Amino acid sequence: FTLQDSQVVGNSDDGVEFDTVTATDVTFKGDTIAENGDDGVFITDSDVSDLVIQNSYLGATSTLKGNGGNGFDAFNATITGAAFLDSFFNENGFDGIDFDTTTITSGSVTFDNGTPQTLTTGFTLQNSQALGNDFQGVLQFDSDVADVTFKNAILADNREDGLFIVGTEVVLSAGDPTP
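Following my numbering, the numbering of the sequence shown begins with 69 at its first residue and continues without gaps.
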């Protein structure tokens, strides 16, 4: 699945929802997903691998308001390899990024920054920001998460925490996630 250079704006529920699916090579690149009634992107009861959000807005832009729920929300899902790169998760009604009762395992993620690249990670947030959300910038709740990297990420001015990890087993990466 690829959504590229697109706008998903103003829907009464979620902007994009994966519900009870198995999906590989899921890419959002150059997209604006804003002003939806609930979440910008919602993954529930699904298995997703090689998930990339790159150069995208999942929340407010200079002209659009954030989503009513989370910018990105994974609930009761399994994610193998996720990289959120050069993206904005700002001014959403709940969290910028929410992993709730979700398992994240390390896997290969492919993306293109002018040349194709591969990264092995559980979850990487790089050159991205989660600002001004009504709750957390990033929430990891009651989840099992492996190989987590935050690099050049800005988590600021959220009503509650920038990063909130609760009831979660997390293995943080000390290494550089770029190949």
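Here a beta-carbon is modelled for each residue, glycine too, at the ideal position from N, C-alpha and C. Note that the structure is predicted; figures quoted are calculated from it, not measured.
Can you tell me which of PHE156, THR146, ASN195 and PHE162 puts its alpha carbon nearest to the alpha carbon of THR173? Taking only the C-alpha atoms, the option nearest THR173 is THR146.
Whole angstroms are fine: how far does the CA of PHE179 sit from the CA of LEU153? Cα to Cα, the separation comes out at about 9 Å.
With a cut-off of 8 Å, do at least 3 Cβ pairs link the segment 157-164 to the segment 199-213? The answer is yes - the segment 199-213 touches the segment 157-164, with three or more Cβ pairs under 8 Å.
Selected residue, minimal CA-CA separation from PHE209, among PHE232, ASP113 and ALA224: Here the closest residue by C-alpha is PHE232.
In angstroms, rounded to a whole number, what distance separates the CA positions of GLY78 and SER124? If I take the Cα positions, the gap works out to 16 Å.
Nearest neighbour of ASP81, chosen from VAL109, THR70, THR169 and ALA151 [CA to CA]: With distances taken between CA atoms, ASP81 lies nearest to VAL109 out of VAL109, THR70, THR169 and ALA151.
Can you list, in chain order, the residues of its chain with a C-beta nearer than 6 Å to that of THR95? Leave out the 5 residues immediately preceding and following it. The residues THR70 and VAL120, in chain order, have a CB closer than 6 Å to that of THR95 in the same chain once the five nearest residues on each side in sequence are set aside.
In the DSSP assignment, what residue or residues form a beta bridge with ASP237? This sequence places Glu at residue 237; Asp is not what is there. BP columns for GLU237 point to ASP212.
Inter-residue spacing [alpha-carbon to alpha-carbon] between SER74 and ASP99: If you take the alpha carbons of SER74 and ASP99, they lie about 5 Å apart.
Residues near VAL89 in its chain [Cβ-Cβ closer than 7 Å; skip 5 each side]: Hits under 7 Å: SER114.
Which of the three DSSP states is assigned to PHE157 in this structure? PHE157: coil per DSSP, three-state reduction.
Could you say which of ASP168, ASP225 and ASN226 lies nearest to SER211 if we only look at CA atoms? Selected option, being the one with the closest Cα: ASP168.
Roughly how many angstroms separate the alpha carbons of ASN135 and ALA214, rounded to a whole number? One C-alpha to the other measures close to 28 Å.
Just verifying my parser: in three-state terms, what is the DSSP assignment at ASP202? DSSP places ASP202 in coil when its eight states are reduced to three.
What whole-angstrom Cβ distance do GLN204 and GLU228 have, given they're in contact under 8 Å? Separation of the CB atoms of GLN204 and GLU228 is rounded to 5 Å, and the pair is thereby assigned contact status at 8 Å.
Roughly how many angstroms separate the alpha carbons of GLY149 and VAL206, rounded to a whole number? Roughly 17 Å between the two C-alpha positions.
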